[in-house]
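First comes the structure, then the notes that go with it.
2 protein chains.
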Amino acid sequence: MPTIKDLGEKKLLQWLQTFCQADSVGDDAALVHLDPFQDLVITTDVLVDGVHFSEQTTGPFEVGYRSAGANLSDLAAMGATPLGLTVGLSLPPELPLDWLEKLYQGINALNTPIIGGDLTRSSVITIGITAIGQVLPSRVIKRSNAKVGDLIVVTGWHGLSRGGLELLLKPALSKRLDPDVVKSLIDAHQRPRPRLDVIDVLWSIPQLDRVAGMDSSDGLADAIVQICNSSKVGAQIDSLACPAQLQGWLSQKDALDWILYGGEDFELVLTMAKPFAEKLVSQLGPPAAIIGQITQNQEIYLVGDNSSLDLCKGFQHF
Amino acid sequence: MPTIKDLGEKKLLQWLQTFCQADSVGDDAALVHLDPFQDLVITTDVLVDGVHFSEQTTGPFEVGYRSAGANLSDLAAMGATPLGLTVGLSLPPELPLDWLEKLYQGINALNTPIIGGDLTRSSVITIGITAIGQVLPSRVIKRSNAKVGDLIVVTGWHGLSRGGLELLLKPALSKRLDPDVVKSLIDAHQRPRPRLDVIDVLWSIPQLDRVAGMDSSDGLADAIVQICNSSKVGAQIDSLACPAQLQGWLSQKDALDWILYGGEDFELVLTMAKPFAEKLVSQLGPPAAIIGQITQNQEIYLVGDNSSLDLCKGFQHF
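Protein chains in written order, with numbering that gives the first Met the number 0: chain A, 0 to 317; chain B, 0 to 317.
In structure tokens form, the structure reads like this:
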């Protein structure tokens, strides 16, 4: 009898979509049309001890922070403002209360109210967070909205979270690096900031009428590929910058690998017409930057590298 | 260092509420005020293999049906109409696809669209379902709304789900019972119907302006106790009927125990002024019934039994 493992994550998710409401599932979160002035955006993430976090790399505060942050980043990716979070916990009865307190402190550090939840016992710590947000229907950010000629904006550095993970997994590496660099990389991994702040800045730009995009939690390359596939366009990436914290101790090839495929930076990757992109980058300031443009040819090129992105390197959960 | 188990479920939930938004948590679900014409109602339930279900009593269809049903019953308990469900799953990679298909079929059997979710691997099957509903702010059903003189209405039988569980745990018992009785008890346990249908009937009653109540998923006694505690009133229960399916094979004492404390019947327990209660019961028809009334004296009496309800028999998760 075929199992989940046999099918693989991608096919499994496609198959599960046949059970879901066709027009609501997709992009980073579900969309429910309430009335002409309100869409609800709803997103769920489940974190499992030993799969998504471990005592070595992520304490309870960081588990809470990251799981709430991942959900809020999904709201930001759709252009939504958070209304609240629900927290569904399955916990071993022997878990110290101190662990649970730090988990909740981590969730609350993101300043979105916890409005409900459920608590049950299990042999494996499992944390399911659902975030609910709202957005004007005309301001929903979709992956499928990119147009040829759009510039591609990133709202911050990529590769830092992957750098922090490396230092947590191989603490000896830290001795060779400046303590400030170590701290900033580990912070980037443990407390990535969902870019809800970008949404207000975005819609303060006069005459902006269309934005495509998503967040980069599964990696910058994945975000570009998803946007291009959904919009049936290509992209030319010509100015990827390497964060100072990765320079010096990584080869250029490894640094590029982490920037493109590292993941979990929770930045936004947005495309829009040139004048708006330039305005957004100037208002956000560095490290927000224009990294390339959307092209008609349905391929993705890294200029300088002369290679198309490797689409198969995404993280597979199964 | 104190653990979750040391604190116990009740104190643990009280303590966790200090991390939550004060005015939204409580009753059966969270309430978010969107605008003068809309409140959102959000509820989450987590089911864990070996804790909330087992292969012996609950196949995958029933696990899906019951977990979606529990959430929808929470929406009904607040007077809300469902907008959609999200499904967060943690599953062992060796799980047969057939199991997953039946789970989703069970969720979909309740006719509320699945609008999103997350899927991850774990050693323990864990199902987190979040339901989102909407309700007019003036029509929110609250536990704290009961007034002295209100009649107490139940929308259906209690004790049937507990009866079905008994037959599933002790299959030999079934041989002594009529096959139709066996089927109806097992159905009551495996596929309890959330009473969303009651909400429309309720608000079709002219001049109805206030309803208190909750669902009876944690037992009829628990529902009465919660309503009385929240409303600072008491209750006199004087006409509890015993469903025909429990008569004959149970002592009167055991039948009363299952009716009061069995749980998981997913009916609504509502209180309202006498003329509205009578109208509701007549519109719903049997087995909907008036079982007693709200009293000033903050105690709960079972007339005939001459004893106050045992408040300590609720299900403890830890």
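Where a beta carbon is used, it is the ideal one built from N, C-alpha and C, also for glycine.
Quick one: using the 10 Å Cβ neighbour count with 16 as the cut-off for buried, is residue i buried or exposed?
i	result
S238 of chain A	exposed
A130 of chain B	buried
D309 of chain A	Because the pLDDT of D309 of chain A is 49, which lies under 50, any placement of that residue in the model is unreliable, and the question is left without a value.
T43 of chain A	buried
M213 of chain B	buried
V302 of chain A	exposed
R142 of chain B	buried
T17 of chain A	exposed
M0 of chain A	exposed
H51 of chain A	buried
W156 of chain B	buried
H32 of chain A	exposed
R175 of chain B	exposed
P275 of chain B	Residue identity check: residue 275 of chain B is Phe in the sequence provided, not Pro. F275 of chain B is buried by the Cβ-count criterion.
A171 of chain B	exposed
L99 of chain B	buried
A243 of chain A	exposed
N70 of chain B	buried
D34 of chain A	exposed
E266 of chain A	buried
Give the straight-line distance between the Cα atoms of residue i and residue j, rounded to the nearest whole angstrom.
i	j	result
D256 of chain A	L164 of chain B	55 Å
I3 of chain B	P91 of chain A	8 Å
L207 of chain A	V139 of chain A	13 Å
N305 of chain B	L74 of chain A	Annotation note: pLDDT 48 at N305 of chain B (below 50); position unreliable, no value reported.
L30 of chain A	G291 of chain B	44 Å
D97 of chain B	S53 of chain B	17 Å
P285 of chain A	E61 of chain A	26 Å
V47 of chain B	V134 of chain B	30 Å
E263 of chain B	D177 of chain B	23 Å
P95 of chain A	D5 of chain B	9 Å
V224 of chain A	A145 of chain A	12 Å
G132 of chain A	G87 of chain A	18 Å
S121 of chain B	L11 of chain A	16 Å
L39 of chain A	S215 of chain A	22 Å
Q282 of chain B	A211 of chain B	18 Å
R209 of chain B	L84 of chain A	29 Å
I198 of chain A	C19 of chain A	28 Å
L201 of chain B	K278 of chain B	9 Å
Which one or two residues does DSSP pair with residue i in a beta bridge?
i	result
I140 of chain B	According to DSSP, I140 of chain B bridges with nothing at all.
I293 of chain A	A:A234
A211 of chain B	B:K141 and B:T270
L150 of chain B	B:M271 and B:Q292
Q225 of chain B	None; Q225 of chain B has no bridge partner.
I299 of chain A	A:A234
Q133 of chain B	B:L39 and B:T80
Using a Cβ-Cβ distance under 9 Å, would residue i count as near chain A?
i	result
N107 of chain B	yes
A288 of chain B	no
D214 of chain B	no
L12 of chain B	yes
L255 of chain B	no
A29 of chain B	yes
F265 of chain B	no
V134 of chain B	no
F18 of chain B	yes
I41 of chain B	yes
I131 of chain B	yes
L15 of chain B	yes
Q244 of chain B	no
M0 of chain B	yes
With hydrogens ignored, establish whether the beta-carbon of residue i is closer than 8 Å to any heavy atom of the ligand GTP.
i	result
L46 of chain A	Questions concerning the ligand GTP fall outside what the structure shown contains, since it holds no ligand whatsoever.
Compare the C-beta of residue i against all C-beta atoms of chain B and say whether one is closer than 9 Å.
i	result
R120 of chain A	yes
E93 of chain A	yes
K4 of chain A	yes
Q104 of chain A	yes
I114 of chain A	yes
H316 of chain A	With a pLDDT of 38 at H316 of chain A, under the threshold of 50, the modelled position of that residue is not reliable, and no figure is offered here.
D44 of chain A	yes
D221 of chain A	no
G87 of chain A	yes
L74 of chain A	no
Under 9 Å between C-beta atoms, does residue i make it to chain C?
i	result
T57 of chain B	In summary, chain C is missing from the structure at hand, where the protein chains are A and B.
**Report entry** beta strand (DSSP E) segments (min. 3 residues) lying fully within the region 1-80 of chain B
**Finding:** Correct list: 29-34 and 37-47.
**Report entry** Any beta strand (DSSP E) of 3 or more consecutive residues that is wholly inside the region 235-291 of chain B
**Finding:** Listed in chain order, they are 267-271.
Query raised in the report: Which full runs of the beta strand (DSSP E) of 3+ residues lie inside the region 71-131 of chain B, going along the chain?
Result: Within the region 71-131 of chain B, the complete beta strand (DSSP E) runs of at least 3 residues are 80-90 and 113-120.
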